[in-house]
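Counting from 1030, one number per residue, gives the positions in the sequence shown under my numbering.
For each residue, glycine too, the CB sits at the ideal point set by N, CA and C.
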Amino acid sequence: MSLTANAIESPLAQFTDLYNESLSNAKSCGNRAHRVCSDALRNDGNGPYILHHNTKTEAVVVLFHGLSDSPFYFSAIAPLLHERGMNVVVPLLPGHGLKNAHDIMQSSELSDKWRHHVSQVMMFAKEFGNKVYIGGFSTGGALATQYVLENPADVSGLLLFSGALALSDNAESLSRIWGVGMLARLLDGEYMTDGPNPYKYPSVSNSSGIELMEVISDIRSQLDEGKRLNLPIFAAHSESDITTPIRGVENLLTFNDGTNTALYINAKYKVCHGNLMLDKAAVRKIGIKKSSLDAREPCALPQANPVFTQVANLLTTYFALQE
């Protein structure tokens, strides 16, 4: 079945149409990939895309990015999977990659919008592959986990890259305070999208962090109520991650009756949360000068993951085991 045979009915067209409402003048662009571009985006690198083989493949992988960043952060992982013969779908979560994101990123219904978008994408993902794998980086990993718990029959595997299944103790404690969401939106002020990183917002707002905590809390509630996972899970996480502590992923894997393939990156490598997904080529594309950042923030500067090759190799092994 050719994915480009019918421009109206094909899942490629559906993918573009999915963004017509949220992105003004959304259109297909790009040569080697099916990309969605729009003047509403900070730049084309923030847009959603699909790496495909012009046909339905044995497996399709759907990868959701993290909070405040964009599909660019899969620029190293997505081609790797595509080269293995898979179609790869990399959506854009509501509120991300935009020149103006204030209204949606400060919405009290943001986590519901994310959840709905994940469901929309997954509805037609099966048109790209016989087996559907879902995964994500950070917040994207949490949303992927939430989807698997609610739709276990629809997914063949789960991929977690720095999965946000726990936050720092302070962040989690603050999220439990009554009315904190409204207070956070008042304190946040105007949501800033322009910063030195062309593919990531300069900061994570308090209110959007609380929305992420709602997703994490929902996952925990489902597990506490007796739900379990039963599928092959891939997980890569840094022991140095203070943004999304590794204990969240470690705990989730105890609820899985399937096979766990995990790489816990030793703390001696000092791999920051946002750097796990980056290879040297991705860092060059980001192009941030150290002088433009706060030197007091050790994780502010994007740096290549020194063990990215190990992450890639284990991911390849994971998929080889599914064949």
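Considering only the beta carbon of each residue, do residue i and residue j sit closer than 8 angstroms?
i	j	result
residue 1114	residue 1227	no
residue 1289	residue 1245	no
residue 1042	residue 1080	no
residue 1267	residue 1241	no
residue 1128	residue 1071	yes
residue 1260	residue 1184	yes
residue 1163	residue 1151	yes
Straight-line CA distance for residue i to residue j?
i	j	result
residue 1054	residue 1068	7 angstroms
residue 1076	residue 1039	19 angstroms
residue 1348	residue 1275	23 angstroms
residue 1310	residue 1303	15 angstroms
residue 1225	residue 1096	17 angstroms
residue 1019	residue 1104	Absent from the structure is residue 1019, since the part of the chain shown begins at 1030 and ends at 1352.
residue 1343	residue 1243	31 angstroms
residue 1084	residue 1116	9 angstroms
residue 1044	residue 1189	23 angstroms
residue 1147	residue 1247	15 angstroms
residue 1352	residue 1205	44 angstroms
residue 1052	residue 1066	8 angstroms
residue 1346	residue 1339	10 angstroms
residue 1050	residue 1102	24 angstroms
residue 1337	residue 1286	28 angstroms
residue 1082	residue 1062	9 angstroms
residue 1199	residue 1172	22 angstroms
residue 1170	residue 1313	25 angstroms
residue 1149	residue 1350	29 angstroms
residue 1317	residue 1078	24 angstroms
residue 1155	residue 1058	23 angstroms
Between the options, which lies nearest to residue i when the distance is taken from Cα to Cα?
i	options	result
residue 1192	1104, 1264 and 1327	1264
residue 1166	1094, 1341 and 1205	1094
residue 1174	1128, 1281 and 1050	1281
residue 1335	1307, 1046, 1289 and 1345	1307
residue 1099	1081, 1119 and 1337	1119
residue 1122	1247, 1106, 1297 and 1092	1092
residue 1299	1203, 1333, 1317 and 1252	1333
residue 1140	1154, 1125, 1152 and 1153	1125
residue 1250	1316, 1284, 1232 and 1155	1284
residue 1330	1337, 1063, 1315 and 1339	1315
residue 1064	1071, 1070 and 1056	1056
residue 1145	1252, 1183, 1102 and 1047	1047
residue 1232	1312, 1203, 1326 and 1062	1326
residue 1168	1278, 1155 and 1317	1278
For residue i, which residues from the same chain have a beta carbon less than 7 angstroms from its beta carbon, with the 5 sequence-adjacent residues on both sides left out?
i	result
residue 1220	1130, 1131, 1134, 1135 and 1234
residue 1341	1109
residue 1210	1137, 1236 and 1239
residue 997	Since the displayed the chain opens at 1030 and closes at 1352, residue 997 lies outside it and no answer follows.
Leaving aside the five residues before and after residue i along the sequence, list all residues of the same chain whose C-beta is less than 6 angstroms from its C-beta, in chain order.
i	result
residue 1230	1097 and 1222
residue 1019	This structure does not reach residue 1019, given that the chain is present from 1030 up to 1352, and the question cannot be answered.
residue 1328	1301
At the 8 angstroms Cβ level, is residue i part of the contact set with chain D, yes or no?
i	result
residue 1049	Chain labels in this structure do not include chain D; a single protein chain is all it has.
Return the chain-ordered list of same chain residues with a C-beta closer than 8 angstroms to the C-beta of residue i, the five sequence neighbours on each side being excluded.
i	result
residue 1187	1162, 1163, 1164, 1173, 1174, 1177, 1258, 1260, 1261, 1262 and 1263
| query | Would you call the region 1245–1263 and the region 1177–1196 in contact, with 3 or more CB pairs under 8 angstroms? | reply | yes
| If we count Cβ pairs, one from each stretch, closer than 8 angstroms, do we get three or more for the region 1283–1297 versus the region 1321–1328? | no
| task | Could you tell me whether the region 1098–1117 touches the region 1210–1224, using the rule of 3 or more Cβ pairs below 8 angstroms? | result | no
| task | Could you tell me whether the region 1183–1197 touches the region 1269–1284, where touching means 3 or more Cβ pairs closer than 8 angstroms? | result | yes
| request: Count the C-beta pairs between the region 1152–1166 and the region 1081–1088 that are closer than 8 angstroms, then say yes if the count reaches three, no if not. | output: yes
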